[in-house]
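Novice:
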Amino acid sequence: MKEYTVREVASLFGKHEETVKRWIRAGKFPNAYRNSHKEGWRIIESDLTDVSMPKIVVKAEDKPQISDESHEEAEEELVKLAYEAVTLTSPTEQMVNILAYVGIKRTLEILLIMQQSPNKVKNPEGFIRKAISKGWSPTSLPQRIDSKKASFERGRNRSENSNQEAPSFSWLEKPF
210 MKEYTVREVA SLFGKHEETV KRWIRAGKFP NAYRNSHKEG WRIIESDLTD VSMPKIVVKA
270 EDKPQISDES HEEAEEELVK LAYEAVTLTS PTEQMVNILA YVGIKRTLEI LLIMQQSPNK
330 VKNPEGFIRK AISKGWSPTS LPQRIDSKKA SFERGRNRSE NSNQEAPSFS WLEKPF
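For the sequence shown, my numbering assigns the number 210 to the initial residue and increments by one for each residue that follows.
#1: At the level of alpha carbons, what is the spacing between Ile319 and Pro327?
#2: Rounding to the nearest angstrom, what Cα-Cα distance links Met304 and Asn244 in this structure?
#3: Between which two residues does the beta strand (DSSP E) harbouring Glu212 extend?
#4: Measuring alpha carbon to alpha carbon, tell me which residue in Ser255, Lys247, Glu248, Gly344 is nearest Phe238.
#5: Candidates Arg234, Ile307, Gly344: which alpha carbon is nearest Tyr292's?
#6: Nearest CA to the CA of Ile322: which residue from Ala283, Pro300, Trp345?
#7: CB-CB under 7 angstroms to Val330, same chain, minus the five flanking residues each way: which ones, in chain order?
#8: Could you give the first and the last residue of the continuous alpha helix (DSSP H) run that contains Trp345?
#9: So the candidates are Tyr213, Lys314, Glu302, Ser279; which of them puts its Cα closest to the Cα of Glu248?
#10: Is the distance from the Cβ of Ile313 to the Cβ of Leu290 below 8 angstroms?
#11: Are the Cβ atoms of Glu284 and Ala309 separated by less than 8 angstroms?
#12: From the DSSP output, which residues share a beta bridge with Arg243?
#13: Tell me which same chain residues have a C-beta within less than 6 angstroms of the C-beta of Val229, skipping the five on either side of it?
#14: Could you spell out the range, first to last residue, of the alpha helix (DSSP H) harbouring Asn306?
#15: Can the beta-carbon of Tyr242 be found closer than 8 angstroms to that of Arg231?
#16: Measuring alpha carbon to alpha carbon, tell me which residue in Val295, Glu302, Arg234 is nearest Leu317.
#17: I need the boundaries of the alpha helix (DSSP H) containing Val330, first residue and last residue.
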């Protein structure tokens, strides 16, 4: 009888080691034992064949390798489809290159931000560039400040800065 460690069983089933330990605690491997804490769990081969597991993952060595070019083409196609789904327009080649550069996951985050925007985005390319440069995420939606309010704040900040300048006063001079 061959014995497997938790790590070996996890790699066979394509699961995490903690998942295999959870299976042991749940009783899926009735003949599993542990001699010491240092050695860890040992799972007997008959338990692996007796227990009906979801599926065994084929190792990466057996899978055909996807070339980088076809992977990039597939990612560009996904970017185009996602952009078209959100904006209902076709992206420019430059926009596809930018979105493909940041990756499909980040592209989907940015397009989600665009879709969740309370106001209609009039310039999607500018919005996407700003979202990339500012690092916006779906949880931190951009807040728009009205131009009147922004100019009022700038003017107020200028007046506060000018009021902070105190007149020079020498402690040697005594007021009479």
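Cβ atoms here follow ideal geometry from the backbone N, Cα and C, with glycine treated the same way.
Specialist: The answer reads as follows:
#1: 14 angstroms
#2: 59 angstroms
#3: 212-214
#4: Ser255
#5: Ile307
#6: Trp345
#7: Met323, Phe336
#8: Premise fails: Trp345 is in no alpha helix (DSSP H) and is neither H nor E.
#9: Tyr213
#10: no
#11: yes
#12: Trp250
#13: Val215, Val218, Ala219
#14: 302-311
#15: no
#16: Val295
#17: Looking at the DSSP string, Val330 is not in any alpha helix (DSSP H), and its letter there is neither H nor E.
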